[in-house]
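As they're listed, the protein sequences go chains S and Y.
Once you know that position 170 of the first sequence is 168 in our numbering, the rest is easy, because the numbers rise by one and skip nothing.
Once you know that position 73 of the second sequence is 69 in our numbering, the rest is easy, because the numbers rise by one and skip nothing.
Let me begin by presenting the structure, written as structure tokens, before commenting on it.
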Amino acid sequence: MQTRSMQTRRAARIVDWAIIAVLALMGVLMLMPFMWLFSMSFRPAAEAYRMPPSFLPPTLDLANYEAVLNSAVPFLKIYWNSLYVAVLVTIGQLVTCTLAAFAYARLRFPGRDSLFFVMLIGLMFPAQVTILPIYLGYAKLGLLNNPMGLVLMGLTSSFGIFMLRQFLRSQPKELEEAALMDGAGYFKIFWRISLPQLRPALAALAIITFTGAWNNYFQPRALIESQQAMTLPIAMDLLRGYMSQGNLSVVMAAMSMSILPVVLLFLVAQKMVIQGVTFSGIRN
Amino acid sequence: MTKRRLSDLKKAQMRAGYLFVVPSFVLYAAFVLVPVAITIVLSFTYYDISFGADWVGFENYVRFFSERRSLEIFWNTLRFAFFAVTCNVLVGLLLALALNRVMPAFLLYFFRLAFFLPVIISAAFVAVVWSYFYSVDFGVINYYLLQLGLPAVPWLSSSKVALTSIVIMDVWKNTGFFMIILVAALQGVPQPIMDAASMDGASPWRRFTRITLPYISPVLFFCIVFATIGALQVFESIMILTGGGPGDSTRSLSIYLVDEAFGSFELGYAAAVSVTMMLLVLVVTIIQLVGSRRFVES
Chain S
-1 MQTRSMQTRR
9 AARIVDWAII
19 AVLALMGVLM
29 LMPFMWLFSM
39 SFRPAAEAYR
49 MPPSFLPPTL
59 DLANYEAVLN
69 SAVPFLKIYW
79 NSLYVAVLVT
89 IGQLVTCTLA
99 AFAYARLRFP
109 GRDSLFFVML
119 IGLMFPAQVT
129 ILPIYLGYAK
139 LGLLNNPMGL
149 VLMGLTSSFG
159 IFMLRQFLRS
169 QPKELEEAAL
179 MDGAGYFKIF
189 WRISLPQLRP
199 ALAALAIITF
209 TGAWNNYFQP
219 RALIESQQAM
229 TLPIAMDLLR
239 GYMSQGNLSV
249 VMAAMSMSIL
259 PVVLLFLVAQ
269 KMVIQGVTFS
279 GIRN
Chain Y
-3 MTKRRLSDLK
7 KAQMRAGYLF
17 VVPSFVLYAA
27 FVLVPVAITI
37 VLSFTYYDIS
47 FGADWVGFEN
57 YVRFFSERRS
67 LEIFWNTLRF
77 AFFAVTCNVL
87 VGLLLALALN
97 RVMPAFLLYF
107 FRLAFFLPVI
117 ISAAFVAVVW
127 SYFYSVDFGV
137 INYYLLQLGL
147 PAVPWLSSSK
157 VALTSIVIMD
167 VWKNTGFFMI
177 ILVAALQGVP
187 QPIMDAASMD
197 GASPWRRFTR
207 ITLPYISPVL
217 FFCIVFATIG
227 ALQVFESIMI
237 LTGGGPGDST
247 RSLSIYLVDE
257 AFGSFELGYA
267 AAVSVTMMLL
277 VLVVTIIQLV
287 GSRRFVES
């Protein structure tokens, strides 16, 4: 009896390791596109199409990176635009969403629940339903072809408010009540008590918002045409056109630089990124 | 005295409440509520940027549902959503089942890295890489197919294959998201019940269908709904891989909408397309939620 259970246990271990081996193989396959783009960015441009493809950098020559910076595409300006939009959108959302979340979670005022409900409906509308009027409005206000336009429309989010409110409601209320008894004002309570409590949720929201803004394609694509105002995701097409044929490696150098911030964020804070992104999925 | 102080407190609370809510609500109204309302109104007009709007009733919707081309695009979107959702969730579930076992921490880190990295990098970037992988003559995939003695596949240039190619890339990009969520769900399946079942001689398949599946079914349904909402809005991966072609074979509603709005400046018609899209998302979600009530065991 005992030997049999030991045998089955050993069989189970073998199956376990076989499955893990298959997973590892698939994991390497999943990473292939990234390995290819990274190694390609170091290949001499003349050899870009030589087969077999390489998945590890053949040299560490930065010529292709220099070529991106010296090209007709204002890559540095575009990079700066992306950073500018992503950072301002992140800061904006942290501010507006925490304020609102505090009010919806902790304060009582007439109409609070209906306002919150109306806010939640916003989770339902895809970006496609709001883009046309925003385009028309921006055309009137001169905000087309302007990164500021992208910042303005991203300064708040229903999701951010919802997430922070849920988090705040799960925190103990006693400290606030005590502070209130001591005569502290609501702004002081917000600043001194709720904000520190919210810290982990704020970090998660910052990560989601930053990567979301960095990756955003649909809205910039509709609102921006000029190279000087572009962000990186929509500039990829441009680079591809300018450097078509023969300059594949230069495009991949641009690509490596473009995905760098998000990759770094992920390598450093893997757990937090995954928690943030999956939570942003489970909002419903 | 105390009464006065209480009412003061109430007033202060009210003031603070409105003050804190105003910034986000004004922005939300300006960039979501009002635009949605305008889009709905716009969809009943013929709109010209210089001459303004003419009321045309349901004409734009009639056009959308009677033209061959728009119906094909509508159908493409549904077809893409069906295949992308099925593959994403199924592969995600298989990966989750494979990953849900004891293993050294460094392996777990590696797997999370490998399967989740595509999720957080924009399709706008990785689709450019895939377009080179898929290219017929000097593509990486065809190179290896030829090495194996298989024929080259016209991944993006054949209207029969292109949609499948986009689904493949979509699964590569998104399945890790579902894997992570389903791993979390699998860890909630109570181990004692599983052990008891295997003591009673239940086969792994039987344990899976009778214990695991019912336990994770709410999460599985969430994955399906979430994947569907995303797939119905598919935009950048198609835009970069095929631009909607060859012909209209991979054109989705989102791409059609942008073409009509910013290519031909048919803004009224484009608004009708976007409202149709919104309703489609809504209807599919409701169908799935009602369906889940019937099948999910709570």
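We put the CB at the ideal spot given by N, CA and C, even for glycine.
As the structure is a computational prediction, the values presented were derived from the model and not from experiment.
Task: Terminal residues of the beta strand (DSSP E) in which residue 130 of chain Y lies - done: Against the second sequence, residue 130 of chain Y aligns to sequence position 134. Residue 130 of chain Y -> no beta strand (DSSP E), and no H or E assigned at all.
Task: Closest by C-alpha distance to residue 228 of chain S, when choosing among S:87, S:23 and S:143 - done: Stepping through the first sequence from its first residue, residue 228 of chain S is reached at position 230. Nearest C-alpha to residue 228 of chain S: S:143.
Open item on the list: Short of 6 Å in beta carbon distance, which residues of its chain neighbour residue 49 of chain Y, apart from the five on each side in sequence? Order them along the chain.
Closed with: The residue labelled residue 49 of chain Y in the question sits at position 53 within the second sequence. So the list reads 41 and 43, once near-sequence residues are dropped.
Task: Assigned secondary structure, residue 34 of chain S (DSSP; H/G/I helix, E/B strand, else coil) - done: Counting from one through the first sequence, the residue named residue 34 of chain S turns up at place 36. The answer is helix: DSSP assigns residue 34 of chain S an H, G or I state.
- [ ] Could you confirm whether any beta carbon from chain Y is found closer than 7 Å to the beta carbon of residue 239 of chain S?
- [x] As a first step, residue 239 of chain S is located in the first sequence; it is residue number 241 there, counting from the start. No, residue 239 of chain S does not count as interfacial toward chain Y.
TODO: Kindly indicate if chain S contains any beta-carbon less than 7 Å away from that of residue 35 of chain Y.
DONE: The residue labelled residue 35 of chain Y in the question sits at position 39 within the second sequence. Answer yes: the Cβ-Cβ gap between residue 35 of chain Y and chain S drops below 7 Å somewhere.
TODO: Name the two residues that bound the continuous beta strand (DSSP E) containing residue 50 of chain Y.
DONE: Looking up residue 50 of chain Y in the second sequence gives position 54. Start and end: 48 to 51.
Open item on the list: What would DSSP say about residue 5 of chain Y, mapped onto helix, strand or coil?
Closed with: For the purposes of this step, residue 5 of chain Y is taken as the residue at position 9 of the second sequence. Correct three-state label for residue 5 of chain Y: helix.
Open item on the list: Could you compute how far the alpha carbon of residue 282 of chain S sits from the alpha carbon of residue 179 of chain S?
Closed with: Along the first sequence, one-based indexing puts residue 282 of chain S at 284. Along the first sequence, one-based indexing puts residue 179 of chain S at 181. Unreliable positioning characterises residue 282 of chain S in this predicted model, as indicated by a pLDDT of 42, which lies under 50. A coordinate reading is not provided.
Open item on the list: Under 7 Å, Cβ to Cβ, is there at least one residue of chain Y near residue 31 of chain S?
Closed with: For the purposes of this step, residue 31 of chain S is identified with residue 33 of the first sequence, where counting begins at 1. Answer yes: the Cβ-Cβ gap between residue 31 of chain S and chain Y drops below 7 Å somewhere.
Open item on the list: Spatial neighbours of residue 10 of chain Y within its chain, please: C-beta separation below 7 Å, excluding the five flanking residues on both sides.
Closed with: To locate residue 10 of chain Y, count along the second sequence from 1; it is residue 14. Nothing meets the Cβ criterion.
Task: Cα-Cα separation, residue 232 of chain Y to residue 217 of chain S - done: Working through the second sequence from its first residue, we reach residue 232 of chain Y at position 236. Working through the first sequence from its first residue, we reach residue 217 of chain S at position 219. Each residue's Cα considered, the two are about 11 Å apart.
TODO: Report yes if the C-beta distance between residue 107 of chain Y and residue 135 of chain S is below 7 Å; otherwise report no.
DONE: What you label residue 107 of chain Y is simply residue 111 of the second sequence in a count that begins at 1. What you label residue 135 of chain S is simply residue 137 of the first sequence in a count that begins at 1. No. Outside cutoff.
TODO: Whole angstroms is fine: what's the gap from residue 255 of chain Y's alpha carbon to residue 247 of chain Y's?
DONE: Within the second sequence, the letter at position 259 stands for residue 255 of chain Y. Within the second sequence, the letter at position 251 stands for residue 247 of chain Y. Near 10 Å, if we compare the C-alpha coordinates of residue 247 of chain Y and residue 255 of chain Y.
Task: Contact between the segment 232 to 242 of chain Y and the segment 179 to 191 of chain Y (3+ Cβ pairs under 8 Å) - done: no
Task: Simplified DSSP state of residue 43 of chain Y, which is helix, strand or coil - done: Counting from one through the second sequence, the residue named residue 43 of chain Y turns up at place 47. Residue 43 of chain Y: strand per DSSP, three-state reduction.
TODO: Identify each residue in the segment 82 to 98 of chain Y for which the Cβ-Cβ distance to at least one residue of chain S is less than 7 Å, and report them in chain order.
DONE: 94, 95 and 97
Task: Contacting positions in the segment 165 to 186 of chain Y - beta carbon closer than 8 Å to chain S - done: 168, 172, 173, 176, 177 and 180
TODO: Helix, strand or coil for residue 148 of chain Y, going by three-state DSSP, please let me know.
DONE: Within the second sequence, numbered from 1, the residue matching residue 148 of chain Y stands at position 152. Residue state, collapsed to three classes: coil.
Task: Residues that residue 195 of chain Y contacts on chain S, provided the C-beta gap is smaller than 9 Å - done: For the purposes of this step, residue 195 of chain Y is taken as residue 199 along the second sequence, with counting starting at 1. For residue 195 of chain Y, there are no C-beta contacts with chain S under 9 Å, since the nearest C-beta of that chain is about 10 Å from it.
- [ ] Have a look at S:168, S:223 and S:49 and flag the residue whose alpha-carbon is nearest the alpha-carbon of residue 136 of chain Y.
- [x] Here the question's residue 136 of chain Y lines up with position 140 in the second sequence. It is S:49 whose Cα lies nearest to the Cα of residue 136 of chain Y.
Task: Stretch-stretch touch, CB-based, cutoff 8 Å, three pairs: the segment 222 to 232 of chain Y with the segment 91 to 101 of chain Y - done: no
Open item on the list: the ligand FMN and residue 258 of chain Y: does any heavy atom of the ligand fall closer than 6 Å to the residue's C-beta?
Closed with: Inclusion of the ligand FMN in the displayed structure is not the case, the ligand content being empty and no account of it being possible.
- [ ] Mind checking which residues open and close the alpha helix (DSSP H) that includes residue 108 of chain Y?
- [x] Translated into the one-based positions of the second sequence, residue 108 of chain Y becomes position 112. In the DSSP assignment, residue 108 of chain Y falls within the alpha helix (DSSP H) that extends over 101 to 116.
Open item on the list: Considering Cα atoms alone, identify which of S:205, S:57 and S:239 is closest to residue 260 of chain S.
Closed with: Your numbering for residue 260 of chain S matches position 262 in the first sequence. Checking every option, the nearest Cα to that of residue 260 of chain S belongs to S:205.
- [ ] Return no unless some Cβ of chain Y is closer than 7 Å to the Cβ of residue 290 of chain S.
- [x] Since the first and last residues shown for chain S are -1 and 282, residue 290 of chain S lies out of range.
Open item on the list: Please report whether the beta-carbon of residue 264 of chain Y lies at a distance below 7 Å from any beta-carbon of chain S.
Closed with: For this step, residue 264 of chain Y is matched to residue 268 along the second sequence. With 7 Å as the cut-off, residue 264 of chain Y does not count as an interface residue toward chain S.
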